[in-house]
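Report on the following structure.
There are 8 protein chains.
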Amino acid sequence: MDENDLRKLLEDIKEQKVNVDRGVELLKDLPFKDLGYAMIDNHREIRVGYPEVIYCAGKTVKQVRGIVEFMLTKENNILGTRANEEMYQAVKELCPCARYNKEARTITIRKKEQKETESYIAIVTAGTSDIPVAEEAFETARIFDNKVEKVFDAGVAGIHRLFHKMDIIRQAKVIIVIAGMEGALASVVGGLVDKPVIAVPTSVGYGANFGGVTALLSMLNSCASGVSVVNIDNGFGAAYLASIINKL
Amino acid sequence: MDENDLRKLLEDIKEQKVNVDRGVELLKDLPFKDLGYAMIDNHREIRVGYPEVIYCAGKTVKQVRGIVEFMLTKENNILGTRANEEMYQAVKELCPCARYNKEARTITIRKKEQKETESYIAIVTAGTSDIPVAEEAFETARIFDNKVEKVFDAGVAGIHRLFHKMDIIRQAKVIIVIAGMEGALASVVGGLVDKPVIAVPTSVGYGANFGGVTALLSMLNSCASGVSVVNIDNGFGAAYLASIINKL
Amino acid sequence: MDENDLRKLLEDIKEQKVNVDRGVELLKDLPFKDLGYAMIDNHREIRVGYPEVIYCAGKTVKQVRGIVEFMLTKENNILGTRANEEMYQAVKELCPCARYNKEARTITIRKKEQKETESYIAIVTAGTSDIPVAEEAFETARIFDNKVEKVFDAGVAGIHRLFHKMDIIRQAKVIIVIAGMEGALASVVGGLVDKPVIAVPTSVGYGANFGGVTALLSMLNSCASGVSVVNIDNGFGAAYLASIINKL
Amino acid sequence: MDENDLRKLLEDIKEQKVNVDRGVELLKDLPFKDLGYAMIDNHREIRVGYPEVIYCAGKTVKQVRGIVEFMLTKENNILGTRANEEMYQAVKELCPCARYNKEARTITIRKKEQKETESYIAIVTAGTSDIPVAEEAFETARIFDNKVEKVFDAGVAGIHRLFHKMDIIRQAKVIIVIAGMEGALASVVGGLVDKPVIAVPTSVGYGANFGGVTALLSMLNSCASGVSVVNIDNGFGAAYLASIINKL
Amino acid sequence: MDENDLRKLLEDIKEQKVNVDRGVELLKDLPFKDLGYAMIDNHREIRVGYPEVIYCAGKTVKQVRGIVEFMLTKENNILGTRANEEMYQAVKELCPCARYNKEARTITIRKKEQKETESYIAIVTAGTSDIPVAEEAFETARIFDNKVEKVFDAGVAGIHRLFHKMDIIRQAKVIIVIAGMEGALASVVGGLVDKPVIAVPTSVGYGANFGGVTALLSMLNSCASGVSVVNIDNGFGAAYLASIINKL
Amino acid sequence: MDENDLRKLLEDIKEQKVNVDRGVELLKDLPFKDLGYAMIDNHREIRVGYPEVIYCAGKTVKQVRGIVEFMLTKENNILGTRANEEMYQAVKELCPCARYNKEARTITIRKKEQKETESYIAIVTAGTSDIPVAEEAFETARIFDNKVEKVFDAGVAGIHRLFHKMDIIRQAKVIIVIAGMEGALASVVGGLVDKPVIAVPTSVGYGANFGGVTALLSMLNSCASGVSVVNIDNGFGAAYLASIINKL
Amino acid sequence: MDENDLRKLLEDIKEQKVNVDRGVELLKDLPFKDLGYAMIDNHREIRVGYPEVIYCAGKTVKQVRGIVEFMLTKENNILGTRANEEMYQAVKELCPCARYNKEARTITIRKKEQKETESYIAIVTAGTSDIPVAEEAFETARIFDNKVEKVFDAGVAGIHRLFHKMDIIRQAKVIIVIAGMEGALASVVGGLVDKPVIAVPTSVGYGANFGGVTALLSMLNSCASGVSVVNIDNGFGAAYLASIINKL
Amino acid sequence: MDENDLRKLLEDIKEQKVNVDRGVELLKDLPFKDLGYAMIDNHREIRVGYPEVIYCAGKTVKQVRGIVEFMLTKENNILGTRANEEMYQAVKELCPCARYNKEARTITIRKKEQKETESYIAIVTAGTSDIPVAEEAFETARIFDNKVEKVFDAGVAGIHRLFHKMDIIRQAKVIIVIAGMEGALASVVGGLVDKPVIAVPTSVGYGANFGGVTALLSMLNSCASGVSVVNIDNGFGAAYLASIINKL
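Residue numbers (this note's numbering), protein chains in the order written: chain P, 131 to 378; chain A, 131 to 378; chain Y, 131 to 378; chain F, 131 to 378; chain U, 131 to 378; chain X, 131 to 378; chain S, 131 to 378; chain H, 131 to 378.
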């Protein structure tokens, strides 16, 4: 329930299209719903414009199922990240239309359709191994109704591949650059565009890569301006932010 | 055997209610019992007011069993932390009343009942994934006879959930705040209460979370005063300290 | 010279308002000007929409002066960051209208006025000690003609101060949150708004703060979505990005 | 103004001992006072029981002076930490009774006397070089009216020195252990007492001490229970928390 | 073949007790034997007084077997460390008298008996979980014919247990202290004895223990003099050095 | 297709030995081939003299197979690194002549034979456990047609073994030194030769080795000049560079 | 005295052009000269082809002077790195022809002229602030008689500047890439050339740059092959190695 | 007062050579003397065989002076480490025979002469810049009456210099190896001797040396056995331990 939905409901009540009992029913969990192990933030969509997302890592299958079960009583789209297949099976029992992207490890349930944005988010990866993070970003951007263009495997070791795709990248409203190893792609893209660049370091690499720390540090120290950074492998976070910017 | 038990025994001997041989029997292991692989600190309860706790990680099932076997000859409550199910099965053979909390990974054996404290410890978690650490804290606080209130999933991303529970938190005598990721909850709670806050960073998170280091550092640098910190995932340690404070 | 200026010049040439020699003169340094110790990127404003900025740290006074001297032959506004007073004195000799913000350590020269944006950037700091970084952000945002609102010393240890200012923060188009110590402010603000939050960790703190690393990690692990991060003390970078977003 | 002061004022107004204008005057800055560069948290004493403390590091002399100047209009005791002599001189001009502890780098101003606690806080240091941190703790504990006992230079390299002082330590209500190098003192004390131990790692040491990190880690991993930790060299934080516990 | 063996052989040749062909046979591999994947250092016993030890980690079972096979052609005792059971089975086929200590993960083969030292090495552990490292040290010290005394589970959390065993520790010629967590035991023992203390940090612990780094740093910063440190979990290295010292 | 092949093709077209359609066929993928998940850099061999290598880690079996399938349409030798056996099986189905080096984890396919270099690369390891990295280097050097000499297990603990092999090492044109633990071999070799030394730290070791970081740092700080370093366990990278140098 | 000089001398002695006493005089310090505080390695030029270089940091002025004084008795060129002006003054007294490059902090003394190489070393920097390291590399390369081409301030934020200079870079025999911040330039250059690239991370940057660590890690993880790395700010080491390669 | 002195005193009292009042005078400070800021451990010489040493860093001049003043009332030799010249001047006023070694930063006062040991300690450094640490070790070894041999500047970059001095090193009873940069010397020496090697990493180096951490890690991971390590730059600690071993 976002701000428009709420206004609509109150107007419906005022105009007696909806009776008060139904209104109470719809609003009583407004601030949050306490499940004991989780307090679901129903107020979030009004406050920040997006429904709460389920970060599944560290939760039990039972907890994930319980949270989805409650969420399904509301009219929001649902996104679960870092979900395993067992969680997906449990969710699917509740809602057969749930979809699982194995590479992205996301569960998505679409309860309401909204118009896709006209401007788009470009998702660029340095290598093939960065694709799982890119897919998490993709699923996130899509569930929030963004148009997306993908440019995969465009790392700086063969920089002409990047230049070949620069038109697609330049025309995006916001760009997500996903790279592991030394993460140089963020700086190179940042130096070539006049749009916000959200850099996602990935844990792709080995040795002195330290599970993505090198790419993270590299991106934080980018000599190109206009680049900001999210946590290692955080495709979700990048796409969430990109979506906010894309809709400004 | 704590200080009161000891005094009682000596008075009983003085008044000839207990004979000397029985006294020797009861006191001969007073300082510690040497099992070869472990020297059990029987003197601890007199010295620091609490019986020794078995930290099961890194011990063999046989060693855990042996230690519990000896401890059962004394009249103390027993707490084993970081215990796996195999250890629990071995202990249960010795003592059918042993209880296992799977989430907390604790084994508890209650040999003597004591009055529950009137004041209580509040255990607050930022997220659902922090619950296992909270459960370890809960079991620890309970075996030491503390009253406990739980507030789970009250992280700062939806801060109104925290405010909704502030009354419970403010009326505690001491507060345990358990959070992973960036651990901001400790600072926010610390800025709102006039009670000691014991912060427990958890290893919940990924990437630049470094297994809880980020939450740990965050809590150590809390801009709110009155906050101190224990090791990552150390629910036991936090509750042990909270129990000392709760009983002051 | 940005894309509009370039188009204008070429049309003037086409329409013979400007002769070819003058065109050559204006365009010959277009890609870059090589000073030996520096290749000034004149093409940058066309490519990414902003003139090059002088990062003064690690440069000699003579080099800074030389770069400014060349830049003054173009019609761009000039920004020097991390500049010391000696650099400022050298620049002032070249251009008496140069301004120095001592706290921010910035030199600014305004060669052309542009309309201020209608939407604004909110710059929020956790403490008084974070102000120098905020001032660098402020000067950067201003030289790029953004409207700015400042909210200083609104850290979470006294969270009602933040709530008091939430209206100003919520109505911004993009928010810069600047905090040292544990950097919790970024998460709290991120959980309360539906706008992009650019978090700037500062080196304010001591001990296990590690010169801002704790705040950096904390912000990267923010439990609130919609938050991205720039380098420690990088007020310039945050404002540069905020300016791009503010003008989308 | 703490909770009692507030109740008193409102009752005085009710009983017409204080007129409404005076009440407005006294209460108008209640939540906080905005100085532009600082929002002073006047509500803090009601909320958490202690007045706000001035962390002087990173502030200008002018800012410190301005904050003290405003604070002096209230009836609270004032504590400035990490203050240099120049700050002290500026404060002394405002308030001749201000006192400076050079070793502790604290400025203290006593505006109201309160009864000293009956129970005491023990401050124990491992070495002579840890004394500056101990002095900061001492000044903090004293301005909050705690009785304090000092035991200095009792490190484990000559453990009989510690045992000689154990009576003083054991009878405290709460113990602050301050140690650099390997910080072993916290574990040894923690194993000998039944009181809360607040461990303060110091930056005393060299090489692989890493400015106190070794002592910090050591204390966080203490094999003795009942020990919690604050930031490196944070004598203030330890004493603040100790004071809360001492007054429970 | 140590220096004495070599001298004996040459004298036997001089006195024609051994013919030259046999001498060539015995000496031809003297500097080393090249197996392709390993160059076995036969000269080592002459040069440094001890035969080469097989560090089995990272070697294939086949390689370990091949190295032992060659070594068995010499008259040296053999020690393999960090060996798994599969390696032991392969070695046992070559030499039925090979012995495997599962806790220590050592393979030992005794080809010549030598007189045990009169002075002894004390091996002290802080906890039960440190025993595997202690057993590696024990096997190493024994294969080099040292007398050894074990004191296990004498950590500082119950320091009277340590004092009870101080006589055994003080009378050793050299002391190995093995501890995980915060490693405080090394400092406490170091402050109580006038013998060399070799500290072995172990990876026992969790969270901010970082796999033994905390204990390592703690021991390196010991406030007690006379303490030196070997790598984390390096029971072998400590005992090797202790053996050199014990035989001085 | 390297620069010579390209020149040859164009001359053949000029001399009408090859018709234009065939030319188009051969050249249309020249810059790169976009497979969706990978953009294969066909231009690489012209630009940098070597065909693209497949870094298999983090790719799916299907992706590796797809890339090889496309590459086989060109006349280049193929090298896959960090490949598992499943990948090899998939590749073997496409090309029965594919070879798998299990220790090195490399897949190699030889499509064209070239003359072996006259000068050689020496590959030196400190221990037996470093051999897998050495084998990766060996396979890489060989697929690029370099003559190679191996010297394995020549670490400094038995330095006479190294001296015995110094002639082989000194006569190489470039030397790869592969070592784990403290990596001292790189410095010792560097001090004895007048050829470029490429040092490869390996993750061989434990405890404070930190997965090869110690060897890496050690090599970067080598007191001998003429030593440069590649990433931990990067046998491929060292041999690639050695090959460039060997062919200068 | 290099290998040719030595051969010449011995032939002169054989042919009685030089008498034996003179020969002894010239050769007696051949292996090294012991000055008490320094053993000067005169054998080095024969062994590794280059005279010993004086690393001045951490030496007293007196020690530097003493070492130069002895070296001047030989006919070698002399290079002192990390030298301050006071050292230079002391050296100049001994040898008026000594030259000091203030930016590079090098002292050079040319005692014999040799033919400059025909092939050249390219020294490329990302920014103006990297020039001091480049100058150290330049002086080192020059004292060893290499031809050098400089390309300064060609960082990836304005990548067309780099492309403009690619011809100079591509035609070098070996390329030194010097960059701070995120060090992306090494990867971009590495992907464009078929020559050895020696990457030098610099300490240029701030915050999460950690004094050059980010650039170091970035370069070690370069996705482009053919790149190896030396220590942070080690312009000397890079040029020393480049010189070896340039002369192969 | 060591154990012999104590025994002598008690016998003198028994035989009435010393009266009881004098005995009380001599013994009353036996366990320790409390100066308020320092508890001087007089019992130490009896307990561990060596008088307490003054670690001057972090102490005020006044504190150092006060401690020395008290110590002078006993008949022990005195050693102050990490002392600056101002401290020395203060001590010299109390005791004109005090000696200051500027390089070592030690103050020494010799109150009783003892026989020098027959066996000796070898102190070996890798470079000239390591000499200050070596001098601290030298002064420490000498005040405890050890014979010492110095071998300076024998690093592995010119390994023949080390071999030239191997006789001196091999005949020592215990060897201290002092090295910065990559610290390889410890491993090379460790592989060549059959004596205990105490390795001291120094902070000599730059960049990825991290103030001695690289040398420290390198030494902890030494592939040669028989090597143990003390803190960075801890010449005192190494010599203290060497002295214990040298006197076994």
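For every residue, glycine included, the Cβ atom is placed at its ideal position computed from N, Cα and C.
A Cβ of chain S is located within less than 9 Å of the beta carbon of P/Asn351. Residue burial annotation: S/Gly166 is exposed, with fewer than 16 other C-beta atoms found within 10 angstroms of its C-beta. With distances taken between CA atoms, U/Ser348 lies nearest to F/Leu315 out of F/Leu315, F/Leu292, F/Phe274.
Residue contact with chain F for U/Met311: present (Cβ-Cβ distance below 9 Å to some residue of chain F). Taking the CA atoms as reference points, S/Gly313 sits about 26 Å from P/Ile298.
Below the 8 Å Cβ cutoff, chain S contributes no neighbours of P/Asn376, its closest Cβ being approximately 25 Å away.
Assigned with DSSP and collapsed to three states, U/Pro331 falls in strand. What Y/Ser348 touches in chain A, judged by beta-carbon distance under 9 Å, is Met311, Glu312, Gly313, Ala314, Thr344, Ala345, Leu347, Ser348, Asn351, going in chain order.
For the options A/Glu199, A/Leu350, A/Ala345, the alpha carbon positioned closest to that of F/Leu346 is the one of A/Leu350.
In the DSSP annotation of this structure, the continuous segment of the beta strand (DSSP E) that includes S/Glu279 starts and ends at 277-281. Contacts with chain S at 9 Å (Cβ-Cβ) do not include P/Gly341. The C-beta separation of P/Ile253 from P/Ala264 comes to about 5 Å, placing the pair in contact by the 8 Å criterion. Here the C-alpha atom of Y/Glu199 lies approximately 17 Å from the C-alpha atom of S/Asp283. For the beta strand (DSSP E) assignment, the uninterrupted runs of no fewer than 3 residues enclosed by the region 173-248 of chain X are, from N- to C-terminal side, 208-211, 229-231, 236-239. By alpha-carbon distance to H/Ala213, the top candidate from H/Val327, H/Ile237, H/Tyr370 is H/Ile237.
Taking a beta-carbon distance threshold of 9 Å, Y/Ala264 does not count as an interface residue toward chain A.
In this structure S/Ala368 touches S/Val330 by the C-beta definition: roughly 5 Å separates them, less than 8 Å.
Taking C-beta separations shorter than 6 Å and ignoring five residues to either side along the sequence, the partners of X/Lys277 in its chain run Glu246, Thr247, Tyr250, following chain order. Across the structure, F/Asn364 and A/Val359 are spaced so that their CA atoms are roughly 13 Å apart. Judged by their CB atoms, S/Ala302 and S/Lys325 are nearer to each other than the 9 Å cut-off.
H/Leu322 has its alpha-carbon roughly 22 Å from the corresponding atom of U/Thr211.
Annotation: H/Val286 is outside any alpha helix (DSSP H) and is labelled neither H nor E by DSSP.
The continuous stretches of beta strand (DSSP E) do not include H/Val360, and DSSP gives it neither H nor E. A distance below 7 Å between beta-carbons, with the five flanking residues on each side excluded, links A/Asn231 to the following residues of its chain, in chain order: Glu265, Glu269. Straight across, the Cα-Cα distance linking S/Gln244 with S/Asp275 is about 6 Å.
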